[in-house]
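Residue numbers (the working numbering), protein chains in the order written: chain A, 1 to 288; chain B, 289 to 576; chain C, 577 to 864; chain D, 865 to 1152. Here the structure is laid out as structure tokens; the discussion comes afterwards.
There are 4 protein chains.
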Amino acid sequence: MIFAVIGGDMRQAKLAEMLAADGHWVSTFAIDKLRLENGVTQRSSVKEAVDPAHCVILPLPVTSREGLLNAPLSFGIHTTHEIFSALRPDQIVCAGRVDEQTAKTAAEAGIELIDYLKREELAVSNAVAAAEGAIQLIMEETAITVCHSKCLVIGFGRIGKILCHRLRGLGAYVTATARKVEDLAWIRAYGYEACETDKIDGTLGNYDVIVNTVPARILGEERLREIKRGALCLDLASKPGGIDFSAASKLGVKAVWALSLPGEVAAVTSGRIIRDTIYNILREKGVT
Amino acid sequence: MIFAVIGGDMRQAKLAEMLAADGHWVSTFAIDKLRLENGVTQRSSVKEAVDPAHCVILPLPVTSREGLLNAPLSFGIHTTHEIFSALRPDQIVCAGRVDEQTAKTAAEAGIELIDYLKREELAVSNAVAAAEGAIQLIMEETAITVCHSKCLVIGFGRIGKILCHRLRGLGAYVTATARKVEDLAWIRAYGYEACETDKIDGTLGNYDVIVNTVPARILGEERLREIKRGALCLDLASKPGGIDFSAASKLGVKAVWALSLPGEVAAVTSGRIIRDTIYNILREKGVT
Amino acid sequence: MIFAVIGGDMRQAKLAEMLAADGHWVSTFAIDKLRLENGVTQRSSVKEAVDPAHCVILPLPVTSREGLLNAPLSFGIHTTHEIFSALRPDQIVCAGRVDEQTAKTAAEAGIELIDYLKREELAVSNAVAAAEGAIQLIMEETAITVCHSKCLVIGFGRIGKILCHRLRGLGAYVTATARKVEDLAWIRAYGYEACETDKIDGTLGNYDVIVNTVPARILGEERLREIKRGALCLDLASKPGGIDFSAASKLGVKAVWALSLPGEVAAVTSGRIIRDTIYNILREKGVT
Amino acid sequence: MIFAVIGGDMRQAKLAEMLAADGHWVSTFAIDKLRLENGVTQRSSVKEAVDPAHCVILPLPVTSREGLLNAPLSFGIHTTHEIFSALRPDQIVCAGRVDEQTAKTAAEAGIELIDYLKREELAVSNAVAAAEGAIQLIMEETAITVCHSKCLVIGFGRIGKILCHRLRGLGAYVTATARKVEDLAWIRAYGYEACETDKIDGTLGNYDVIVNTVPARILGEERLREIKRGALCLDLASKPGGIDFSAASKLGVKAVWALSLPGEVAAVTSGRIIRDTIYNILREKGVT
């Protein structure tokens, strides 16, 4: 098959090389700061890159600022309008974290964007990288070993599940919280301690490491007061963030907000995850 | 609170004792072969046992044969009609694996049965016991150690997830199958090998132990032919069973159908799980 | 190479088949109750079996009673004298758990016995099977799941190390004891709780499962009194045994003495372990 | 008891605070860049700090350069001669990594140094921190997740054992090497792949991460040639180092030499380890 990879960071660069290594014909645009391997053709015009492609892959997130393609590895600046104008409706166009405005711009150009970030399998695989990124941060930011440390993981969603598994694998004492009784049963089923999310008050002083994965203000000033000196609070939640960082700073609680860990810590793995997801999308569409 | 535990096996017996140990007032009926501890009152009339109770707990499964209470620990035989007639609509009545006929008989007596087997948290906790039961069977039925054995777990539902986790914990090489791409991603996220359930053909000869957890005829004659001599096939699926046992027998494949593992292997844990689930039910109803 | 396998149980039978499967020429004597596969030649005279062999493998243990070959799979009864008389000094003769009297009888016939049970690598590999056997027993003998059970492993030698690892892999809370400070450091290094063996008094009531691996009377009457009702005591120590079984019986403590687990639970694996050890012996002698 | 902590890095600082937190009377000298907590008395004269002490704790390593106390947290420069002159023969004096010259200087002052780095329990506990440090480095230096990465650990000593355990806990495929057959048996007993150290040639191209723990030139130019592009080589061996770094650099192999990981990554844990070791030393001497 013929692919075009347009813009993006190291993950897209690795993705292009991996698609080529799989025997596909791959051209890129707006990844011009790097020299790519495996016979990837790096074009200086969108049109040339995109024209022969059956499938066009846009970055994650697709835009950096409104209307602009996310392309940190390009010397140039490119509008999404410019990119979409070069595409055809018969091409499969995949993009990551598509906001409303971008979807609208694409639709005006007759292009339907498939958001690969919404794919569950990508989210799960990303959670693996995110959990490892969190562990790396914990190792960097604490002066104790993970082994025998007391860790609280708030929320038992994708990242929570994997993070608990890895922390346990490193010898930590793991307590996880959830709201639903079945999730609490799952927490116990894996051998961790379970605690209802609403009932963590009064227990927070026990932990050396507290990781929030819930996109809600879980750790406000009152709870932060409980946390013991030297303990680390890590926030892995996106949107609003689960920790009151100004209160943390005021109280002298060490709090770190870790956003978009996957891309940073494991570009090759992240590129591979996107590739596999694209393959799944193509297979479900009957292509390949 | 006041509980009545009516019929059932060792799990119900332990359940009654545990409720009493928690400080509740507990009477039983149709568990007359055992002497119960912790101050449980064993009644010889349903009416006496049931009358003062806020909550009445029937066995899992509630009936042994149609119309008969499941009561292996009773010297007597009791109809469900007899039991339901003794109950009042204002009592909370919990029962396990309620079939249509039993629900109808109860409804005629004005009694609504809450099926605790349908509770997700009970299902998850039971899966822990079922997975351990499976491991015990594997140890008993094979002449190799689990450590370094090659295990295939078909299906990544509740039992599949926990069984993989435990097999890995014992040092086995674990491959799991699923149909959905996100489940395959989860399998990989936990560090196992993943394989689509439909694509196991041609790989079955590699495994020392094959455990089916999918309620569908996965291992028919053709696939059973692939299985290597001395390997063990374990079926944990309920309803129709996933292995063609007559073909297995014909081909000399060692195949074991393991039904209702939880109750058998860990009565105390199973009793505790039912207790916790009853507590959850009561809490959600605003009682307690 | 040419091997003769003389006497023994299922482990020796599997050993003979595996040596043959590796391309060696194998004959047996005193394993006449079974039909062996892979082209093993089953002889009815020691002389015939033994004469062409470079290496002769005797059972583990080599004798059942003084002066008699351990041969439960033979219809006949054979003296060690009879066997040794058939051997030549230029043959490599391996045997398991060689007692003084047997060594003397062999020496009189000019035969030097190499005791493969004294090989450290065999002891380690056997410990894997023993640890699994212990876990199987724990599952069979308790009414709770291993997951979340509180386990005490007394002694951190070969079996202790592996048993802790597996119990943890099944989700148990693991405490191990040792005498030496460096062993206590190892216990903590693997993420378990550590306790000095001499200081277990007063803590024994906490455990659901207590496994002794130390060949000394660790659990006498006084300590057995501490153990909580329903808990399991498992003794894996050989020689004198570490539990006072009559006191246990008197006190109603459930105590099980598990001897020679490896052979029973995993004959194929045990046969393979003996084979690998024999290969190591031959390699060190410069044969092969 | 009364302790004096003289010189050293963050580990000694934490050690002083922890001794004080345990209720001991603690004074320090040559840790003047920090303000210590828990009531530690920071002295500006050795004499004052050391005089009342039953036990004097010198840093790890005891000297930075020949004849100079290792005191990175001091504004001053202090000779070991100056320190030893202030001590008395009746005091217990502990120091880490005592070289011959330092031992001689001490002996001339009538002081016997107990080298706590030679204690096995400290070495084991340090290995935990070192293994975590190695994992942190692997996460930082690779663009793949540890989960599903193929890791080779050369040598199965203290660090090798723990590192394998942790890598496995993170979902890596773990192969370990050793020379002795019993160590190979241990490697298999924990569920890893085993390979003789001398026979790694021809397999090195399979690994994403190769960690050397053996203090010998294991990875010379020829073997480095085998390593696949993008793989990471980590050297945890002290003295001469196990990797030919100039060859690695020439061949474009990513090679990192990680020395003294414990102190850097986990000062609090390292301080605690030294404290526990000091307590063991005192207990064995009958003090306390």
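In this text, a Cβ means the ideal position worked out from N, Cα and C, and glycines have one as well.
Is the beta carbon of residue j closer than 8 Å to that of residue i?
{"i": "Ile6(A)", "j": "Ile57(A)", "result": "yes"}
{"i": "Ala231(A)", "j": "Leu137(A)", "result": "no"}
{"i": "Gly818(C)", "j": "Leu795(C)", "result": "yes"}
{"i": "Val46(A)", "j": "Val26(A)", "result": "no"}
{"i": "Val214(A)", "j": "Ala189(A)", "result": "no"}
{"i": "Leu117(A)", "j": "Arg97(A)", "result": "yes"}
{"i": "Pro923(D)", "j": "Gln876(D)", "result": "yes"}
{"i": "Pro1130(D)", "j": "Ala143(A)", "result": "The residue you asked about is not Pro; residue 1130(D) is Ala in the sequence shown. Yes, Cβ-Cβ distance for Ala1130(D) and Ala143(A) is below 8 Å."}
{"i": "Ser413(B)", "j": "Ala4(A)", "result": "no"}
{"i": "Thr288(A)", "j": "Glu121(A)", "result": "no"}
{"i": "Arg1147(D)", "j": "Leu879(D)", "result": "no"}
{"i": "Lys830(C)", "j": "Tyr783(C)", "result": "no"}
{"i": "Ile200(A)", "j": "Phe156(A)", "result": "no"}
{"i": "Glu305(B)", "j": "Glu336(B)", "result": "no"}
{"i": "Val128(A)", "j": "Thr1009(D)", "result": "yes"}
{"i": "Gly457(B)", "j": "Gly1035(D)", "result": "no"}
{"i": "Ala699(C)", "j": "Arg734(C)", "result": "yes"}
{"i": "Glu226(A)", "j": "Asp244(A)", "result": "no"}
{"i": "Asp99(A)", "j": "Thr63(A)", "result": "yes"}
Assuming residue i and residue j are in contact, meaning their beta carbons sit under 8 Å apart, how far apart are those beta carbons, in whole angstroms?
{"i": "Ala995(D)", "j": "Ile1018(D)", "result": "With a Cβ gap of about 14 Å, Ala995(D) and Ile1018(D) do not count as contacting."}
{"i": "Ala710(C)", "j": "Leu810(C)", "result": "6 Å"}
{"i": "Thr463(B)", "j": "Cys435(B)", "result": "The pair is not a contact, with the Cβ atoms about 16 Å apart (cut-off 8 Å)."}
{"i": "Glu684(C)", "j": "Val669(C)", "result": "With 8 Å as the limit, Glu684(C) and Val669(C) do not qualify as a contact, their Cβ atoms being about 14 Å apart."}
{"i": "Gly8(A)", "j": "Ala71(A)", "result": "7 Å"}
{"i": "Ser650(C)", "j": "Ile607(C)", "result": "6 Å"}
Which residues of chain C have a Cβ atom closer than 9 Å to the Cβ of residue i, listed in chain order?
{"i": "His148(A)", "result": "Arg764, Gly767"}
{"i": "Val441(B)", "result": "Under the 9 Å cutoff, chain C gives no residues; its nearest Cβ is about 16 Å from Val441(B)."}
{"i": "Gln300(B)", "result": "Per Cβ cutoff of 9 Å: no residues; Gln300(B) is ~13 Å from chain C at best."}
Which bits of chain A does residue i rub up against, with CB to CB less than 7 Å?
{"i": "Leu524(B)", "result": "Those do not exist, as Leu524(B) stays about 16 Å from chain A at its closest Cβ, beyond 7 Å."}
{"i": "Val412(B)", "result": "Glu182, Ala185, Trp186, Ala189"}
With a cut-off of 8 Å, does the C-beta of residue i fall near any C-beta of chain F?
{"i": "Glu772(C)", "result": "Protein chains A, B, C and D are contained in the structure displayed, whereas chain F is not."}
Taking C-beta pairs closer than 8 Å, name the residues in chain C that residue i reaches, listed in chain order.
{"i": "Glu964(D)", "result": "Ordered by position in chain C, no residue passes the 8 Å Cβ test against Glu964(D), which lies about 25 Å from the chain."}
Determine the chain B residues that contact residue i at a beta-carbon separation under 7 Å, and present them in chain order.
{"i": "Ala844(C)", "result": "This sequence places Val at residue 844(C); Ala is not what is there. What Val844(C) touches in chain B: Ala431, Ile432."}
{"i": "Asn280(A)", "result": "Val469"}
List, in order along the chain, the chain C residues whose C-beta lies closer than 7 Å to that of residue i?
{"i": "Ile1026(D)", "result": "Ala765"}
{"i": "Glu1153(D)", "result": "There is no way to answer for residue 1153(D), as the model of chain D reaches only from 865 to 1152."}
Name the chain B residues whose beta carbon is nearer than 8 Å to that of residue i?
{"i": "Glu708(C)", "result": "Met427, Thr433, Val434, Cys435, Leu458"}
Along chain D, in chain order, which residues have C-beta atoms closer than 7 Å to that of residue i?
{"i": "Ala703(C)", "result": "Ala1053"}
Who are the neighbours of residue i on chain D, taking C-beta pairs under 9 Å?
{"i": "Arg166(A)", "result": "Val1010, Cys1011, Gly1033, Leu1034, Gly1035"}
I want to verify the contact list: residues of chain D whose CB lies under 8 Å from the CB of residue i, in sequence order.
{"i": "Gln136(A)", "result": "Gln1000, Met1003, Glu1004"}
Going along the chain, which residues of the stretch 744–757 of chain C sit with their C-beta nearer than 7 Å to a C-beta in chain A? Gly747
Would the stretch 340–354 of chain B and the stretch 593–611 of chain C be scored as touching if the rule is three or more Cβ pairs under 8 Å? no
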